[in-house]
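Single-structure report; data block below.
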Amino acid sequence: MKTMRRLSLLLSLSWLALAAPLRAQPTIGGPRPGSWAPVSGATLAKDYARRGEYEKASFLFSQLKADEQTSPAVLPDYLAALQAQKRYKDAEKLVKRAIKQHPEEGTYGVALGGLYAASGDAAAADKQYQRVISQLTPAQVAPVASEFGRREQPAWAERTYLRGRELAKSNSEYAPELIQLYTQSQQQDKLLAETLRLVQQDEQQLPFVRNMLQNALHEEKDFDALEKLLVMAVQDHPEQGAYSELLLWLQVQRHDFAGALIQARALDRRSNTKGSRVLQLGSIAERNKDYESAIAAYDYVVREYRQGPYYQVARQRLLQAREAQVRDTYPVDQAKVRALATEYESLLTELGRTPDTAPVIRSLADLYAFSLDDRAKAMSLLQEVIAMPRASADVVDESKTALGDLYLLKGEPWEATLLYSQVEKAHPEAPLGYEAKLRNARLSYFAGDFKLAQSHLDILKEATTREIANDAMQLSLLIQENTAEDTLGTGLKAYAAVEELVFQNKLAEAKTGLDNLLRSYPGHALTDDALYLKAQLQRRTGDLPGAVATLKLLTENPKYDVLSDDALFLLARIQEEDVKDKAQAQTLYQQLLTKYPGSIYVAEARKRFRRLRGDAVQ
Numbered sequence: 002m003k004t005m006r007r008l009s010l011l012l013s014l015s016w017l018a019l020a021a022p023l024r025a026q027p028t029i030g031g032p033r034p035g036s037w038a039p040v041s042g043a044t045l046a047k048d049y050a051r052r053g054e055y056e057k058a059s060f061l062f063s064q065l066k067a068d069e070q071t072s073p074a075v076l077p078d079y080l081a082a083l084q085a086q087k088r089y090k091d092a093e094k095l096v097k098r099a100i101k102q103h104p105e106e107g108t109y110g111v112a113l114g115g116l117y118a119a120s121g122d123a124a125a126a127d128k129q130y131q132r133v134i135s136q137l138t139p140a141q142v143a144p145v146a147s148e149f150g151r152r153e154q155p156a157w158a159e160r161t162y163l164r165g166r167e168l169a170k171s172n173s174e175y176a177p178e179l180i181q182l183y184t185q186s187q188q189q190d191k192l193l194a195e196t197l198r199l200v201q202q203d204e205q206q207l208p209f210v211r212n213m214l215q216n217a218l219h220e221e222k223d224f225d226a227l228e229k230l231l232v233m234a235v236q237d238h239p240e241q242g243a244y245s246e247l248l249l250w251l252q253v254q255r256h257d258f259a260g261a262l263i264q265a266r267a268l269d270r271r272s273n274t275k276g277s278r279v280l281q282l283g284s285i286a287e288r289n290k291d292y293e294s295a296i297a298a299y300d301y302v303v304r305e306y307r308q309g310p311y312y313q314v315a316r317q318r319l320l321q322a323r324e325a326q327v328r329d330t331y332p333v334d335q336a337k338v339r340a341l342a343t344e345y346e347s348l349l350t351e352l353g354r355t356p357d358t359a360p361v362i363r364s365l366a367d368l369y370a371f372s373l374d375d376r377a378k379a380m381s382l383l384q385e386v387i388a389m390p391r392a393s394a395d396v397v398d399e400s401k402t403a404l405g406d407l408y409l410l411k412g413e414p415w416e417a418t419l420l421y422s423q424v425e426k427a428h429p430e431a432p433l434g435y436e437a438k439l440r441n442a443r444l445s446y447f448a449g450d451f452k453l454a455q456s457h458l459d460i461l462k463e464a465t466t467r468e469i470a471n472d473a474m475q476l477s478l479l480i481q482e483n484t485a486e487d488t489l490g491t492g493l494k495a496y497a498a499v500e501e502l503v504f505q506n507k508l509a510e511a512k513t514g515l516d517n518l519l520r521s522y523p524g525h526a527l528t529d530d531a532l533y534l535k536a537q538l539q540r541r542t543g544d545l546p547g548a549v550a551t552l553k554l555l556t557e558n559p560k561y562d563v564l565s566d567d568a569l570f571l572l573a574r575i576q577e578e579d580v581k582d583k584a585q586a587q588t589l590y591q592q593l594l595t596k597y598p599g600s601i602y603v604a605e606a607r608k609r610f611r612r613l614r615g616d617a618v619q
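Per my numbering, the sequence shown starts with residue 2, numbered consecutively.
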């Protein structure tokens, strides 16, 4: 009894000590300035609880009115203080009283189960949790599930939502909450089943579902499982467009553009989008260099919607995709290039030489300049676009950039830099302007003026698109690494001269220049860059055995580790695309995935490896 009185006196003195500094602020009709604002017992008790002084906290809580003790603002802290002292019986009495006084508070029942669990009685805890769920009302579902989640009881949170679904008599109720729960607890099977159920019931939930799946799918087996389910769902319920929408999205994520095209065409016919969905997919496939799928997509729009709003753009993109495919297939087939030029001319005859077809004229100019070696024809076409009234400003400036390239090919760098600078000035904060600045940097690099090139590149590394920034960074690093010790940059000047020959499409002279560089500068820091460029040129000119041998010099020598993953990826592509040795290509892709898990080529290598292994569903 004496101890309790001493504790009471001590707490009263502590209360006064804490309360003394708290003075009320002057208010209209309120206390006078300087008067004390009393601290409530609940506030002081919570302060003790936060500081871990549970005996003092629980004593103060016990002095509160009975209904205040069981209020949502006080009960959790009071319970925590009692549990910390292992006063489980007192805590149990408190919670049961709270449940009786506030039957609408479903979370109190969860707290009682948590108390049993804390005391080591797991069976009683489970029994109490089950009682909570059996007595749920619709209004209690969300707060009770949240309380289970807060206590890291995902299984009971799931049961709560499922009981709520029964109460609502709807098998899609609480689907977003369940999807989030399954994502956090990594229950992939349940996640996928719930996903399909939700999109079947409500297509408006597709953005939410895609976002959740983006975060939930990590391993190939997860993608495989979802794709298998979706393919079956599309086959069993072709009238459900949501399944096709989700399958299309998934296949694009996996870069399975051939499979995605099947879904895009089906959705296009169902939604009557006049080819827009298919056109969009073709653009994505083309950017990812899946030219076959891109060509098939554009060809579909051309065939099916000859009178449609996207016919003209589809015709243009179809030719551009074919051109890209021809250019990326080594050695380049000149007969196919000439056939492309004829198709471009036919398209211009069909559609007319108008501002709308200016991009076609510009593409044709590129073909004459860099593939057919007819620079005069190319320059004439580009000047036609530049002089065309009402042509898009972007197309005109793209043509100026291309014309600058042709002047550089002719050996007239001043004319080239004048055009590049015009485009830079017209688009100071846009990709076109950045591209022109990169051209100026390369021009200075080709000329051996590395300081001027570096000044352009420093700007581009900070404020530009990712692709241009990457190009700028690579060239900047090349300059820095090869002028650090060799301040005159003699080896780099020789290498830059070779790169200029490559730009001019003088591939035989470029290969000779590389061989001279490798002989003249043995062991130079540029050796790996020179070997990698030599392999690329050998591939372009059809010397596949030579390219393979050169790349093996990089992949089999540890001192060339910087470009080892680049070389290994190119070696695998040559085996797959040119030599047609799919087994060897598969081995090399697997090698890259194992040896260089942090490589920028990992995602693409994994996709190609799976395709060669035959994993793709479509």
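Every residue, glycine too, gets a C-beta built ideally from N, C-alpha and C.
Just so we're clear, the structure is a prediction, and the values are computed from it rather than from any experiment.
For residue i, report the span of its alpha helix (DSSP H) as first-last.
i	result
proline 239	From DSSP, proline 239 is part of no alpha helix (DSSP H); its letter is neither H nor E.
arginine 98	89-102
leucine 319	312-328
leucine 407	394-410
tyrosine 306	Where tyrosine 306 is concerned, there is no enclosing alpha helix (DSSP H), given that its DSSP letter is neither H nor E.
tyrosine 522	Segment: none, tyrosine 522 is in no alpha helix (DSSP H) and carries neither H nor E.
valine 202	Note that residue 202 corresponds to glutamine in the displayed sequence, not to valine. Glutamine 202 -> alpha helix (DSSP H) spans 189-202.
lysine 57	55-63
lysine 47	42-51
arginine 440	432-447
isoleucine 480	467-484
Relative to the C-alpha of residue i, which candidate in the options has its C-alpha closest?
i	options	result
aspartate 530	Tyr522, Asp122, Glu344, Leu564	Leu564
glutamine 317	Ser364, Ala119, Tyr79, Gly405	Ser364
lysine 553	Ser135, Asp567, Glu577	Asp567
valine 232	Ala261, Met213, Leu199, Pro208	Ala261
proline 559	Gly115, Pro523, Lys596, Ala46	Lys596
arginine 198	Gln215, Leu230, Glu324	Leu230
serine 59	Ala81, Leu373, Ala295, Lys411	Ala81
alanine 243	Val210, Ser147, Ala112	Val210
arginine 278	Glu482, Trp250, Leu116	Trp250
leucine 168	Ile134, Pro155, Gly150, Gln181	Ile134
threonine 488	Asp450, Ser521, Leu383, Pro523	Asp450
serine 294	Phe258, Thr350, Tyr331, Asn273	Phe258
alanine 366	Tyr522, Gln236, Leu407, Ser422	Leu407
glutamate 129	Thr138, Leu113, Ala606	One point to set straight first is that residue 129 is glutamine, not glutamate, in the sequence displayed. The option with the nearest alpha carbon to glutamine 129 is Leu113.
Tell me whether residue i is buried or exposed, calling it buried when 16 or more other Cβ atoms sit within 10 Å of its Cβ.
i	result
glutamate 557	exposed
tryptophan 157	buried
leucine 95	buried
glycine 405	buried
glutamate 626	Outside the modelled stretch of the chain, which goes from 2 to 619, sits residue 626, for which no answer is possible.
proline 22	A caution first: proline 22 carries a pLDDT of 38, below 50, which makes its placement in the model unreliable, though a value can still be read off. So proline 22 ends up on the exposed side.
serine 245	buried
glutamine 131	exposed
arginine 540	buried
Under three-state DSSP, which class holds residue i?
i	result
aspartate 122	coil
proline 177	helix
valine 333	coil
glutamate 105	coil
tyrosine 597	coil
glycine 353	coil
tyrosine 183	helix
glycine 615	coil
alanine 143	helix
methionine 389	coil
glutamine 131	helix
tyrosine 602	coil
glutamate 557	coil
leucine 227	helix
aspartate 428	The residue you asked about is not aspartate; residue 428 is histidine in the sequence shown. Three-state result, histidine 428: coil.
arginine 1	Since the first and last residues shown for the chain are 2 and 619, residue 1 lies out of range.
May I ask you to check if the CB of residue i is nearer than 7 angstroms to at least one heavy atom of the ligand HEM?
i	result
arginine 467	With respect to the ligand HEM, the structure shown offers nothing to examine, as it has no ligands at all.
Is the region 502-521 touching the region 470-490, taking contact as three or more C-beta pairs under 8 angstroms?
-> The region 502-521 vs the region 470-490: no contact.
Assess, as a yes-or-no matter, whether the region 69-87 is touched by the region 96-109 under the definition of 3 or more beta carbon pairs within less than 8 angstroms.
-> Put simply, the region 96-109 touches the region 69-87. At least three CB pairs are less than 8 angstroms apart.
Is the region 566-585 touching the region 603-611 in the sense that three or more CB pairs, one from each, lie closer than 8 angstroms?
-> Touching, yes.
Tell me, please, whether the region 265-277 touches the region 294-313 by the rule of three or more beta-carbon pairs shorter than 8 angstroms.
-> Yes, the region 265-277 touches the region 294-313.
Contact between the region 248-263 and the region 283-292 (3+ Cβ pairs under 8 angstroms) | Contact holds: three or more Cβ-Cβ distances are below 8 angstroms.
Decide yes or no for the touch test of the region 488-506 against the region 443-456: beta carbon pairs closer than 8 angstroms, at least 3 of them.
-> With a cut-off of 8 angstroms, the region 443-456 and the region 488-506 count as touching, because enough Cβ pairs lie within range.
On the three-pair Cβ rule with 8 angstroms, is the region 370-377 touching the region 391-402?
-> At 8 angstroms Cβ cutoff, the stretches do not touch.
Should the region 356-363 be regarded as contacting the region 306-320, the criterion being three or more beta carbon pairs within less than 8 angstroms?
-> Contact between the region 356-363 and the region 306-320 is present, because at least three Cβ pairs lie under 8 angstroms.
Segment contact, 8 angstroms Cβ cut-off, at least three pairs: the region 422-438 with the region 383-391 = Counting C-beta pairs closer than 8 angstroms gives fewer than three between the region 422-438 and the region 383-391, which falls short of the contact rule.
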